[in-house]
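Notes for the one structure printed next.
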Amino acid sequence: MMNAMEDEIACRICLRREQRHNLITPCLCRGSLRYVHGLCLKQWILWSACYKCEICKAPFIGLRLYRHENSLLSFLREYPLSLLPFLQVNCRNLLQKWLRVSQLR
1 MMNAMEDEIA
11 CRICLRREQR
21 HNLITPCLCR
31 GSLRYVHGLC
41 LKQWILWSAC
51 YKCEICKAPF
61 IGLRLYRHEN
71 SLLSFLREYP
81 LSLLPFLQVN
91 CRNLLQKWLR
101 VSQLR
């Protein structure tokens, strides 16, 4: 009889151990490398822009991904706070420029 620890498998991206039913097998890899969290794989694909497995070279299957001109919009809907650092820097720069112009008048 297997215990719960023996049934846990690590996600190949984040390495967090999970029950097998919480992981997906999106490519042709075998063994422990075939298991991954769906969200981990989505993030990997968004950042790497690679839609096939780097190990077995098979295209990933079983995920809904947007590969069209609205993909940035889709990303921002899913991760709205990812734009926050960019906005903070740009707002600060605009404010500094405005203050410099105001002081010159």
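Under UniProt numbering, residues 1 to 105 are what the sequence shown spells out, in order.
All residues carry an ideal CB built from backbone N, CA and C; glycine is no exception.
Query, Result
"Reference Trp44, options Phe75, Gln19, Arg100, Trp98, closest by Cα", "Phe75"
"Nearest residue (CA-CA) to Ile55, options Cys11, Arg92, Arg34", "Arg34"
"Buried or exposed (CB count within 10 angstroms, at least 16 for buried), Leu41", "buried"
"Proximal residues to Cys27 (C-beta, below 8 Å), its chain only, five neighbours per side dropped", "Arg34, Lys52, Cys53, Ile55, Cys56, Ala58, Pro59, Phe60, Ile61"
"Arg12 classed as buried or exposed, judged by whether at least 16 other C-beta atoms fall within 10 angstroms", "buried"
"Leu39 to Asn93 span [Cα, whole Å]", "34 Å"
"C-beta contact flag for Arg17 and Glu8 at 7 Å", "yes"
"Neighbourhood of Ser32 by C-beta, 8 Å cutoff - its chain only, sequence neighbours within 5 removed", "Ile9, Ala10, Arg12"
"Nearest candidate by alpha-carbon position, reference His21, set Trp47, Ser82, Val36, Cys14", "Val36"
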